[in-house]
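Residue numbers (our numbering), protein chains in the order written: chain Z, 27 to 296; chain G, -7 to 160.
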């Protein structure tokens, strides 16, 4: 305490000097219009800089909520888009078809990618209206099909499972074949049953055919990586999958609203 | 030693407030004689009183011109630096009593006035400009104001102070 007092005594004139200069500075800035405008110009630049930074930091922490709300909006828009797409382009034909697909969002609970029969578990189940044989996709591309459901969870058979075969087509010329995984590389799958005369090049887009009544038509599966003539009549096309199975994030579960009708027709036919 | 310095302070302030503050010489020349009041303060004055006196004098001048704080800041600055400036003008790191007694009558006092007036005007002009843009016109103002102030202060000093000091 005594030392502090001595220190203050020693530098008393410097202390008084600084206090008075600060008072003078405040007086200058508060009472002189020109200096005030220059000063507030500078301070607003500084405070603007800092508030900018702090807002970007705060925004970073709210990214998660932001993400959730964006996904919700995305789902809503996808549903609306589907409705709009079902309106016939010919406006003289006024009847609007009911919408074909309904999208729900779900998150991955667990995933495997290094076995021959991989599965994904998602955090939505029967309670959320999810049933077996619904399609699952991400914003990158097709993921797989719901295999079974519990009340809160569902198991998805992804494209990288030996037991899944889906119908796929080449987007540019509509030739369709069967997509089946080879069992090793989780980034690639094979498209088979394409006749050898079909012109396929590296980089061509592979999409869903829409024949299975599970997937909507034209959803992205992947891109042609390599073309090989496997047998005399058919090509073996290596497809680089659009969805990255090592990436987490949210998935969409797609319900075909016309499934009952389609199944009824099929039964009648049999 | 001039012991009636407070009378001179009052006279200097009156000259400043009622005559010089009403004279517009030139936009480049700011006339300030009142800072001589700081220079003629007793040499053995309590150090902490110096910035207070400087602030008070500058503040009064500010009140009369309506530039609150500008003169106060500059005057506080040179008042605080007074002991250091005296050492510089005597050209010795420490000063003893005999040298101090000679100080007010020596040529080093003029040197001290010159340095102080120059520093005072640097602070004053830059606070008034409040930026380092147009630095050439700022420098011109500093130089011209310093010359004018030094001439005025010297005239007052030689008429009112030096002759009396010699008699003492």
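Ideal placement from N, C-alpha and C gives every residue a C-beta, glycine not left out.
- [ ] Taking 8 Å as the cut-off, decide whether the C-beta atoms of residue 261/Z and residue 196/Z are in contact.
- [x] no
TODO: Report the rounded CA-to-CA distance for residue 107/G versus residue 23/G, giving the unit in angstroms.
DONE: 16 Å
TODO: Using only alpha-carbon positions, find the residue among 251/Z, 293/Z, 231/Z that is nearest to residue 202/Z.
DONE: 231/Z
TODO: Leaving aside the five residues before and after residue 54/Z along the sequence, list all residues of the same chain whose C-beta is less than 8 Å from its C-beta, in chain order.
DONE: 61
TODO: Answer yes or no: does any C-beta atom of chain G fall closer than 8 Å to that of residue 246/Z?
DONE: no
TODO: Measure from the alpha carbon of residue 181/Z to the alpha carbon of each residue in 29/Z, 168/Z, 167/Z, 159/Z, then state which is nearest.
DONE: Among 29/Z, 168/Z, 167/Z, 159/Z, the Cα nearest to that of residue 181/Z is on 159/Z.
TODO: Give the straight-line distance between the Cα atoms of residue 244/Z and residue 276/Z, rounded to the nearest whole angstrom.
DONE: Rounded to the nearest angstrom, the two C-alpha atoms are 21 Å apart.
Open item on the list: Between the stretch -2 to 11 of chain G and the stretch 162 to 174 of chain Z, can you find at least three pairs of beta-carbon atoms closer than 8 Å?
Closed with: no
TODO: Starting from the C-beta of residue 294/Z, find all residues in its chain whose C-beta is less than 6 Å away, skip the five residues before and the five after it, and write them out in chain order.
DONE: Within the same chain, no residue comes within 6 Å of residue 294/Z by CB-CB distance, once the 5 residues on both sides are set aside.
Open item on the list: With distance defined between alpha-carbon atoms, name the residue in 4/G, -2/G, 57/G nearest to residue 16/G.
Closed with: Minimum Cα-Cα distance from residue 16/G among the listed residues 4/G, -2/G, 57/G corresponds to 57/G.
Open item on the list: Count Cβ pairs between the stretch 38 to 51 of chain Z and the stretch 22 to 40 of chain G that sit closer than 8 Å; are there 3 or more?
Closed with: yes
TODO: Compute the distance between the beta-carbons of residue 177/Z and residue 153/Z, then report whether it is under 8 Å.
DONE: The criterion of a C-beta distance shorter than 8 Å is satisfied by residue 177/Z and residue 153/Z.
TODO: Please confirm if the stretch 247 to 257 of chain Z is in contact with the stretch 99 to 111 of chain Z, defined as three or more CB-CB distances below 8 Å between the two stretches.
DONE: no
- [ ] Apply the 10 Å Cβ neighbour rule to residue 98/Z and answer buried if 16 or more other Cβ atoms are within range, or exposed otherwise.
- [x] exposed
Task: Residue environment, residue 119/Z, which counts as buried when at least 16 other CB atoms sit within 10 Å - done: The pLDDT assigned to residue 119/Z is 47, lower than 50, so where the model puts this residue is not dependable, and the model offers no usable value.
- [ ] Return helix, strand or coil for residue 138/Z, following the three-state DSSP convention.
- [x] coil
Open item on the list: Can you list, in chain order, the residues of its chain with a C-beta nearer than 6 Å to that of residue 137/Z? Leave out the 5 residues immediately preceding and following it.
Closed with: 146, listed in sequence order.
- [ ] Name, in chain order, the residues that DSSP records as bridge partners for residue 182/Z.
- [x] 146/Z, 172/Z
TODO: Examine chain G for any beta-carbon lying closer than 8 Å to the beta-carbon of residue 86/Z, and answer yes or no.
DONE: No, residue 86/Z does not count as interfacial toward chain G.
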